[in-house]
Every structure is written in C-alpha cells, then in structure tokens.
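Its first residue numbered 44, the sequence shown is counted upward by one per residue in the numbering used here.
Quick notes on the structure that follows.
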Amino acid sequence: MRNVLRARWRRTGAIAMCLALSACMVGPDYRAPGVYEPESFFGANADLVARAKPEIQWWAELHDPILNRLIVRAIRHNHSLRIARANLRTARALLDEQRFQLYPIVPVGGGISREKFSESSSSGGSATGGTSGGDTGGFDRTQTFYDVGLDASWELDFFGGVRRSIESLSADYQAFEAQPYAVFISVAAEVARTYVEARGAQYQLNVARRNASNQQSTFELTRTLLEGGRGTAVDIARARAQLATTLATIPPLEVDVARAIHRLSVLVGRPPGALYTVLAKPRDLPALPTVVRIGDPGLLLRRRPDIFAAERRLASATARIGVRVADLFPRVRLIGSFGYLSTSIEDLLDESSQQYSFGPTLSWAAFDLGRVRARIRAAEASADGQLATYERTVLRALEETENAIVGYTREIVRRARLRVAANASQRAAKLSRIRYRGGVDSFINVLDAERRLLEAQTQLAVSETQAARSLVALYKALGGGWQYAFGGVAEGATTTPVRSSAPASNEAST
44 MRNVLRARWR RTGAIAMCLA LSACMVGPDY RAPGVYEPES FFGANADLVA
94 RAKPEIQWWA ELHDPILNRL IVRAIRHNHS LRIARANLRT ARALLDEQRF
144 QLYPIVPVGG GISREKFSES SSSGGSATGG TSGGDTGGFD RTQTFYDVGL
194 DASWELDFFG GVRRSIESLS ADYQAFEAQP YAVFISVAAE VARTYVEARG
244 AQYQLNVARR NASNQQSTFE LTRTLLEGGR GTAVDIARAR AQLATTLATI
294 PPLEVDVARA IHRLSVLVGR PPGALYTVLA KPRDLPALPT VVRIGDPGLL
344 LRRRPDIFAA ERRLASATAR IGVRVADLFP RVRLIGSFGY LSTSIEDLLD
394 ESSQQYSFGP TLSWAAFDLG RVRARIRAAE ASADGQLATY ERTVLRALEE
444 TENAIVGYTR EIVRRARLRV AANASQRAAK LSRIRYRGGV DSFINVLDAE
494 RRLLEAQTQL AVSETQAARS LVALYKALGG GWQYAFGGVA EGATTTPVRS
544 SAPASNEAST
C-alpha cells in the first residue's frame, strides 16, 4: 500500500512539475525605459570641472584627515544608516518568504485525544466498530485516539501569477536596497557640510578677533593721541563703538561652532560635544581641488541610487500587472494528506492504521471578472504613474547636478574677486592708520578703512565656506560614495540612456 501511494504521488508530482515548467507568464514583460541624456552638463566650466570619472571617495579630494576619519566613523555608527541596513534585512527576509510559495507546503503534525461518544447517538460507535443507535452492546464509549501525519498543498503556477509576484517583490527589494546607499550619500554630505561649516565659523571667528585686536590698538592710539593734545573725545567714542560692534559678532560665531560640533558628534553616533577635543582647535578650511571630476550625464544616471530605485519600482509595478492578469484564469492547487490513526499507540504505525487523501482543487473568479479587470486597470495606471515618477527623478537629478555645478563654479569666481577686495582693504587700513598716526589723515578715514576691512574679510570667509559647501553639494548631486561604504557594490543596473523617452510595454504576453 505504501509503495502504491508513493508511486501515485511521484506520478502526480512529475506531471505537475512538467505543467508548471511549461506554463506561461501573463502580463507585460518589463523593458527598462529609455531616458533623455544630454551630451554634457550645460553649466560645466572647462577650467574648473572635467568629464573624467569622479572619485568614489570624493571626500578624500578635500585632503583633510579629520574629515576622512569622521566619514569612516559615520559609515560604521550613524544611526540613520543602521536603521536603513536593518530595514534592508527585513525586506530580504520577506522576499525569501515569498519565494517559498513556488514550493509545496508540507506541515507535519500529530496528536492525542480522549473522546466519549453519546450513548443515544445513531452513529456513536460506528466509526470504531461499535453498535449503532442507543444499543452500545458493550462498546466502550470512551476512546483514546492517536494520530500522526503530514499535509501537503502546492499551487501550480500555470499562468505565472506567483512568479510575477516574486518578480515584483524582487524589484521592490532592489529598490529598497538602494535606500541605504541614498542614506549614506545624504549622511556623508551632511558630515562634510557640517565640518566645513564648523571650520568656516572658526575662520570667521579668527577674522573677527583679529579685527577686534586691530581696533583695540586703534582705540588705544586715540587715547594716547588725545593725551598728547591731538584728537577729540568724539574719536575715542567712535573707536570704542566700532570695537564693541566687532566684539558683538563673536558670540554668535561661537554658537555656530558649538552647534556644528554637536551635530557632527551625533552624525557619527556619539553624544553631542563628544568631538570637542578633536574639533575645538581651529583649522583651515579643507583645500578645494583645482579641477573637479564630474563625469558625464550617462555616468550620473548609473550612479544615483534614487534613479535606480525609481527604475526598480517601475519594474515592480509592471510585474504587478501580471499578478492581476493571472486572476482572470483558474487556480489549480494539489492537496493531499498521509498519516496514521489508531486507538492504540502500539498499532499506530501499522499498515492497517494508514489513511490518506490527495487530489486537485480548482478555484476561479468566474462571476467576479469585472472586479478583476478593474484591478488590472488599476495596476496599469500604477505602472504609468511609476514611469512618470522615474522620468521626473531623472530630470530632477540632472537639474540638481546642473545647479550644483553652476553654484560651485560661480562661487569660485566670487571668491577670487573677494580675495582681491580683502587684500586691497587690508592695505588701505594699514596705510590709513599710518597716515593718521602721522597727522595727515582724519580718524573718520581710519574707522571707515577698518570697517571696510572687516566687511571684506568676513565676506571672503563666508565665500570660502560657501565654496566648500558648494563642492560638497556637487559631490552629493553626482551620487557617489556609497560604493565605498557598501563594499564596492556594482553601480546601477538596468537603465539604458537614449535620446528620447520611451514608455514601458503594456502588452500582455502568454
């Protein structure tokens, strides 16, 4: 008996496997859409940027060892990155669970039960060989049953609904996989930007304190000259007012430095203020590269995780059309069970205690096809929306990069001009003090020269900081760095740049 059962299951399984392998998959087969790709970036300045492939570890281009260490620590300890990695592991587990739907479900179970039959039941003892009706005929109404066995069920994926579902979930997972990469790009950029802001605030502090020191010397000079019979009390009051105004700019800058250090500490997974010993000592702003390597637009489209994720979500939405189309057709499931049932534990595994059942079941929404077709239309509309989202993501990425290129290159030009202005103002202030000390210039001219010097040097410090921030924004727009953070994962996969936009196919194939 056991051999016969095995043979039947073997034949049934072989037939089902052949049918499943030869089955079609309904719904549209996904084709990656083409996207617009310009020949080059419009705002590229040949003197400042080059089409060479960008450095993956772009922060190394700033040649600041402290910044390099902060980025590495953020990779390991940043909380947003840790959350993204945990979410990715969750998504992977859910995908693995879905893939098992392609295989039979075979739960194994067993049990023991104690039952007492009704004395007045018409079938009280028939199942176990007792008498029928109310005549128990000496039949023991209380019985103990032992059973053990397994059940099996397997949906035959004739029309590919399960496989389309797995295809959709796989694409969703790949889109989700891009999330940690995008998070890292944002985290690395924020670490670099905040570090630049900390050094920039220290730079401005140095400018303010240096000018305050010069103005203090000027104030002392006015008092000395007044005691010698030159100058007026008005000169002293004006010198005191300008000195106090300059000193008043220092506390807000100290706040800016503290806030930047607090933010950097949290970004690398430490308590606020933990990096004071590392960052409190002023350092120069990171040196900017002479020429920034930005690559070409085609490389950008393959590097940015948000573009890759949008393309994968489009693939998922396309596969979901097939899931809905499969609902138009019958579903066939093989079910079966095999086990043993006995009232005696000693006889439980005897052949006489065997019981089994098997066979196919069929279900079909034959009278609900209108609702199924409505779901198909909804899935098609969702795919159209994802296509538009993908195209928008590509254009926004190009826009962001163009803006970053223009912002950086024009700030470099502004910085160069402010350097000229700062040097000229410094010379003018020095000459004005010399002329005032020699009695050939008025004190008003000294105050004006010192005020203009402070303004010029402050504007230069702001521009130096902004240039570094603009460079960070450019590197962020280029979408690099995640390859290093995640072990050199291959760059984006399926997008094929072309000259015009092409919609995804919506024809069903079988």
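For glycine and all other residues, C-beta sits at the position ideal for the given N, C-alpha and C.
Please read all numbers here as calculations on a predicted model, not as lab measurements.
Asked: Check this for me: beta carbons of A480 and L264, under 9 Å apart or not?; Found: Reading the sequence as shown, one finds Arg at residue 480 and not Ala. Yes.
Asked: With distances taken from CA atoms, which of I337, M68, Q429, T444 is nearest D200?; Found: M68
Asked: So the candidates are Q222, V250, R363; which of them puts its Cα closest to the Cα of V205?; Found: R363
Asked: Nearest by alpha-carbon distance to Y433: which of R420, N446, T361 is it?; Found: T361
Asked: Mapping the DSSP letters down to three states, classify R515 as helix, strand or coil.; Found: With the sequence shown as reference, residue 515 is identified as Val, and Arg is not the correct amino acid for it. V515: helix per DSSP, three-state reduction.
Asked: Can you tell me the Cβ-Cβ gap for L357 and L430, rounded? I've got them flagged as a contact below 8 Å.; Found: 6 Å
Asked: Could you tell me the alpha carbon to alpha carbon distance between L131 and V78, rounded to whole angstroms?; Found: 28 Å
Asked: Closest to S196 by CA distance: which of V151, L212, R184 is it?; Found: V151
Asked: Here's the rule I'm using: 16 or more other beta-carbon atoms within 10 Å means buried, otherwise exposed. How should V463 be labelled?; Found: exposed
Asked: Thinking C-alpha only, which one of I99, N257, A317 is nearest K473?; Found: N257
Asked: Out of curiosity, what's the CA-to-CA distance linking S485 and E445?; Found: 50 Å
Asked: Please report the residue range of the beta strand (DSSP E) in which E442 lies.; Found: Where E442 is concerned, there is no enclosing beta strand (DSSP E), although the alpha helix (DSSP H) it sits in stretches over 412 to 480.
Asked: Per DSSP, F401 is paired with what?; Found: G379
Asked: In the DSSP assignment, what are the bridge partners of I118?; Found: In the DSSP output, where bridge partners are listed per residue, I118 has none listed.
Asked: Taking just the CA atoms, how far does R458 sit from D107?; Found: 20 Å
Asked: Among residues of its own chain, excluding the 5 on either side of R116, which ones have a beta-carbon nearer than 6 Å to its beta-carbon?; Found: V311
Asked: When the distance is taken between beta carbons, is T386 closer than 9 Å to T133?; Found: no
Asked: Look up S406 in the DSSP assignment and say whether it is helix, strand or coil.; Found: strand
Asked: Measure how close the beta-carbons of I293 and L248 come, nearest whole angstrom, since I'm counting them as under 8 Å.; Found: 7 Å
Asked: Please go through the same chain and pick out, in chain order, the residues whose beta-carbon is closer than 7 Å to the beta-carbon of A251, but skip the five residues on each side of it.; Found: T289, T292, I293, L296
Asked: Does the stretch 333 to 349 come within contact of the stretch 88 to 101, defined as at least 3 CB pairs closer than 8 Å?; Found: yes
Asked: When you compare only the Cα positions, how much space is there between K519 and I228?; Found: 6 Å
Asked: For the beta strand (DSSP E) that W197 lies in, which residues bound it at each end?; Found: 185 to 199
Asked: What does a CB cutoff of less than 7 Å around R414 pick up in its chain, not counting 5 residues either side in sequence?; Found: none
Asked: Return the Cβ separation of L286 and I279 in integer angstroms, given the expectation that the two are a contact with Cβ distance under 8 Å.; Found: The pair is not a contact, with the Cβ atoms about 11 Å apart (cut-off 8 Å).
Asked: Going by DSSP, what residue range makes up the beta strand (DSSP E) through V334?; Found: No beta strand (DSSP E) contains V334, which DSSP labels as neither H nor E.
Asked: Counting beta carbon pairs with one atom in the stretch 440 to 454 and one in the stretch 507 to 522, are three or more of them shorter than 8 Å?; Found: yes
Asked: Indicate the three-state DSSP secondary structure (helix, strand or coil) for V78 in the structure shown.; Found: strand
Asked: Would G379 be called buried (16 or more neighbouring beta carbons within 10 Å of its own) or exposed?; Found: buried
Asked: Taking the straight line between their C-alpha atoms, what separation do you get for A511 and I350?; Found: 26 Å
Asked: Is there a Cβ from chain B that is less than 9 Å from the Cβ of D200?; Found: Absent here is chain B; the protein component of the structure consists of one chain.
Asked: Taking only three categories from DSSP, how would you classify G316?; Found: coil
Asked: Could you pull the start and end residues of the alpha helix (DSSP H) that F160 belongs to?; Found: No alpha helix (DSSP H) holds F160; DSSP gives it neither H nor E.
Asked: For R336, which residues in the same chain have their Cβ closer than 7 Å to its Cβ, ignoring the five residues on either side in sequence?; Found: A93, A95, K96, P97, E98
Asked: CB L1 to CB V226, shorter than 9 Å?; Found: Nothing can be reported for residue 1, as the shown portion of the chain is limited to 44 through 553.
Asked: Give me the Cα-Cα distance between A127 and L110, rounded to the nearest whole angstrom.; Found: 23 Å
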